[in-house]
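Novice:
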Amino acid sequence: MIAYSKQGNEKKSRFMWCSWRVLAILMCLTIAIQYIAMKTIRSYRLYNCDESRGTGDCSPNWAQVSHWFGCPDPSNNQPTEESASRKHILILGTTRSGSSFLGQFFNQNPNVFYLYEPLFHVESFFGSLADHLGSKLNNKVLLGAFRDLLRSVFDCDLYSLEPYIKPFPQHHQTKGLFRRAASRALCSPPLCDVKYAKDESVCFKMCHNLNLTLTAEVCQKRAHVVLKTVRFDNVADLRSLAEDSRLDLKVIHLVRDPRAVLSSRMSAFKAFIDYRTWKKNGAMPPQTDTSLATDVCSNFLQSMHLGLKPPAWLSGRYMLVRYEDLAREPLEKAREMYKFVGLPLEPFVMNWIVLNTHGNDKPRWHHLYSTYRDSAKTAENWRLSMDYNIVQFLQNACNETFAELGYRSVSSIEELRNINATLVEERNFTYFT
0 MIAYSKQGNE KKSRFMWCSW RVLAILMCLT IAIQYIAMKT IRSYRLYNCD ESRGTGDCSP
60 NWAQVSHWFG CPDPSNNQPT EESASRKHIL ILGTTRSGSS FLGQFFNQNP NVFYLYEPLF
120 HVESFFGSLA DHLGSKLNNK VLLGAFRDLL RSVFDCDLYS LEPYIKPFPQ HHQTKGLFRR
180 AASRALCSPP LCDVKYAKDE SVCFKMCHNL NLTLTAEVCQ KRAHVVLKTV RFDNVADLRS
240 LAEDSRLDLK VIHLVRDPRA VLSSRMSAFK AFIDYRTWKK NGAMPPQTDT SLATDVCSNF
300 LQSMHLGLKP PAWLSGRYML VRYEDLAREP LEKAREMYKF VGLPLEPFVM NWIVLNTHGN
360 DKPRWHHLYS TYRDSAKTAE NWRLSMDYNI VQFLQNACNE TFAELGYRSV SSIEELRNIN
420 ATLVEERNFT YFT
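For the sequence shown, the tail end lands on 432 under my numbering, and the numbers increase by one without skipping.
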């Protein structure tokens, strides 16, 4: 009888423990679902409010109400005269591919509102949420949140960033926006008292908290919006944005020699510690995650195939740029990119390119993502330090990508180190399709 009672208590305890665990998980999921639902409703802007004026004068957005109840939207998502002339440009890269460098070609344009990696905050938020729930990050949910935020920021809705920024902005003011100093607009009047704090350290010290209400006004006053991101693996994930006629989206897809990308990542990120060990010891550690090196190859190839033989939704919206071409002929590539997006290449931008891509002096400041450099000299400098065994592995794993993007393989360490002989073949990709 005693044994039976003890066994019953153990079963009851296990049952109650499991019940509480299930209840805790359900509560966390409920909070997450409610949050996403509120974000979705907020993004649709049920009310048209002039929040920047603080008048509290809000009127219902009947077009969205009609859409929710199955009624046709009379606007039919057709672009207005103002939106038709406004350019929305997305620079699509991968980490350590040179996208920060490319971004400066538009950031230096005084008519452009440029934002550096706005999706950083979204990824961080959902990553923390997944860790809290003890689950893997749902890629579909993440991509949906990415697209929603890009659409909002393209529309100068900077409030859409607030729920993702840590610490949470107070009275629409924040000091936590990721890499604020990478944007000329965010480190210039009226958002900063300094004329233009182009050095990140100066921007951090001299610029006050970022007022998101005022930032939205600055965005609206600029003629065009350019966003830079490394958080989409495939251009196919941008379809809903490309099909939005109000945006008339243009995508500039930056690729780079995968060997150079890996070399840079090995120096920059902790996740590549096994590759650093491989380089040091000359042998691949058995636990090495090779996908960290090879995924970039398949991602480049998939986007390239789709973009250069585009379906209707992507036709005329995709341009492929190799970092090496941009580094060697920056002015020529700048002209091509500006022609593609339909903007004139301003003299101010051309002057910046000449001054910051052909200089012999060291940058006045140093940062992991510095864009001030002699670009032609640095494009293939990775060859002087990259381990030949790792290069061989990547060449074998990514031979199709190398062939289609025009990157030559090497067959000896001497060939690898001879930077006088370029590994970049001449290619003329079809930019305007």
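Just so it is clear, CB atoms sit at the ideal spot from N, CA and C, and this is done for glycine as well.
#1: Just tell me which of Val111, Lys332 and Glu161 has its CA closest to the CA of Ser84.
#2: Less than 8 Å between the C-beta atoms of Ala215 and Leu157, yes or no?
#3: Let me know the secondary structure DSSP gives Met265 once reduced to three states.
#4: Taking the runs of the alpha helix (DSSP H) that are 4 residues or longer, which of them lie wholly in the region 119-193?
#5: Do you know how far the Cα of Ser239 is from the Cα of Phe105?
#6: Tell me whether Ile418 sits in a helix, a strand or coil according to DSSP, three-state version.
#7: With DSSP as the reference, identify every bridge partner of Asn210, one or two as the case may be.
#8: Please report the residue range of the alpha helix (DSSP H) in which Val423 lies.
#9: Just tell me which of Ser98, Leu89 and His87 has its CA closest to the CA of Leu325.
#10: Grab me the residues of Thr356's own chain with a C-beta within less than 6 Å of its C-beta, minus the 5 sequence neighbours each way, in chain order.
#11: Determine the DSSP secondary structure at Val254, reduced to helix, strand or coil.
#12: Assign Met318 to one of three DSSP states: helix, strand, or coil.
#13: Once the 5 residues before and after Glu323 are set aside, which same chain residues still bring their CB inside 6 Å of it?
#14: What does the alpha-carbon distance come out to for the pair Phe347 and Ala180?
#15: Alpha carbon to alpha carbon, what distance is there between Thr287 and Phe299?
#16: Are the beta-carbon atoms belonging to Phe145 and Arg230 less than 8 Å from one another?
#17: Considering only C-alpha positions, which residue in the set Met205, Val353 and Lys269 is nearest to Lys332?
#18: Look up Tyr115 in the DSSP assignment and give the residues it is bridged to.
#19: Do you know offhand how far Gly281's Cα is from Gly315's?
#20: Drop a sphere of 10 angstroms on the beta-carbon of Ser200, count the other beta-carbons inside from all chains shown, and report buried for 16 or more, exposed for fewer.
#21: Tell me Lys249's beta-bridge partners as DSSP assigns them.
#22: Quick one: Cα of Asn208 to Cα of Ile164, how far?
#23: Could you check how far apart the C-beta atoms of Phe153 and Val224 are, in whole angstroms? I think they sit under 8 Å.
#24: If you drop the 5 nearest sequence neighbours on each side, which residues of the same chain put their C-beta closer than 8 Å to that of Ala241?
#25: Would the beta-carbon of Ile88 fall within 8 Å of that of Gly102?
#26: Answer yes if the region 378-398 comes into contact with the region 406-423, meaning at least three C-beta pairs across the two stretches below 8 Å, and no otherwise.
#27: If we count the other Cβ atoms within 10 Å of its Cβ and call it buried at 16 or more, is Gly389 buried or exposed?
#28: Strictly by DSSP, which residues pair up with Tyr406?
#29: Measure how close the beta-carbons of Leu253 and Gly92 come, nearest whole angstrom, since I'm counting them as under 8 Å.
#30: Measuring straight from C-alpha to C-alpha, what distance separates Lys278 and Gln301?
#31: In angstroms, rounded to a whole number, what distance separates the CA positions of Ser187 and Val193?
#32: Looking only at its chain, what residues have a beta carbon closer than 6 Å to the beta carbon of Glu345, apart from the 5 residues adjacent to it on each side?
#33: What's the gap between the Cα of Pro310 and the Cα of Tyr406?
#34: Consult DSSP for His304 and reduce its assignment to one of helix, strand or coil.
#35: May I ask you to report which of helix, strand or coil DSSP gives Cys397?
#36: Can you give the beta carbon distance from Arg264 to Thr94, rounded, assuming they're within the 8 Å contact cut?
Specialist: From the atom records:
#1: Val111
#2: yes
#3: helix
#4: 119-132 and 138-153
#5: 24 Å
#6: coil
#7: Gln172
#8: Per DSSP, Val423 belongs to no alpha helix (DSSP H) and is neither H nor E.
#9: Ser98
#10: Pro329 and Ser374
#11: strand
#12: strand
#13: Ala378 and Val423
#14: 19 Å
#15: 22 Å
#16: yes
#17: Val353
#18: Lys227
#19: 46 Å
#20: exposed
#21: Ile88
#22: 13 Å
#23: 5 Å
#24: Leu248, Val250, Trp312, Leu313 and Arg316
#25: no
#26: yes
#27: According to the sequence as given, residue 389 is Ile; it is not Gly. Buried, because 16 or more other Cβ atoms sit within 10 Å of the Cβ of Ile389.
#28: Val423
#29: 4 Å
#30: 29 Å
#31: 6 Å
#32: Asn108
#33: 26 Å
#34: helix
#35: coil
#36: 7 Å
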